[in-house]
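Numbering (UniProt numbering), first residue to last: 1 to 125.
Here's the structure we're looking at; comments come further down.
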């Protein structure tokens, strides 16, 4: 896999897919994805074996981490330690745009899920 150099703010804000993988490291030790959540939509409660970093580029909502709720909006970062149950909910009136760095990679290289329903079907939910 080639290195990736991009304007992550633009790439995140221009994304219209629920989830799109932008880059996966050659040994799958890290992965960069962008996401777009419609008003009222959430990522879905989940737990990962590795750490995850999220940054909100547009919108507002709440992050639920280990049962505790946090209000989040533009420019907020969320660091999720491995094994922490978590969710992000768009509580605003516009699409929430965020990017995520997984360590290790979470999704197959090249993954694009246009909608949350498509993502859930692909993941067997």
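Using N, Cα and C, we set each Cβ at its ideal position, and we do this for glycine too.
Source: prediction; values computed, not measured.
If you draw a straight line from the C-alpha of residue i to the C-alpha of residue j, how long is it?
i	j	result
residue 33	residue 4	12 Å
residue 8	residue 44	23 Å
residue 102	residue 94	25 Å
residue 39	residue 97	11 Å
residue 63	residue 54	10 Å
residue 71	residue 81	18 Å
residue 12	residue 6	10 Å
residue 69	residue 120	23 Å
Cα-Cα, which of the options is closest to residue i?
i	options	result
residue 21	115, 79, 10, 110	110
residue 105	19, 27, 15, 91	27
residue 107	95, 122, 94	122
residue 116	18, 13, 31	18
residue 29	52, 14, 68, 12	52
residue 16	46, 78, 112	112
residue 14	35, 46, 23	35
Going by the C-beta, is residue i closer than 7 Å to any heavy atom of the ligand MN?
i	result
residue 13	Inclusion of the ligand MN in the displayed structure is not the case, the ligand content being empty and no account of it being possible.
Taking Cβ positions, are residue i and residue j nearer each other than 8 Å?
i	j	result
residue 37	residue 87	no
residue 92	residue 61	yes
residue 57	residue 99	yes
Report back the beta-carbon spacing between residue i and residue j to the nearest angstrom; my notes put them in contact at under 8 Å.
i	j	result
residue 85	residue 59	Rounded, the Cβ-Cβ distance is 22 Å, inconsistent with contact.
Less than 8 Å between CB atoms is the rule here; does residue i satisfy it with respect to chain D?
i	result
residue 93	Checking the listed chains, one finds no chain D in this structure; it contains a single protein chain.
Runs of beta strand (DSSP E) wholly within the segment 29-61 (minimum 3 residues, chain order): 31-37, 51-58
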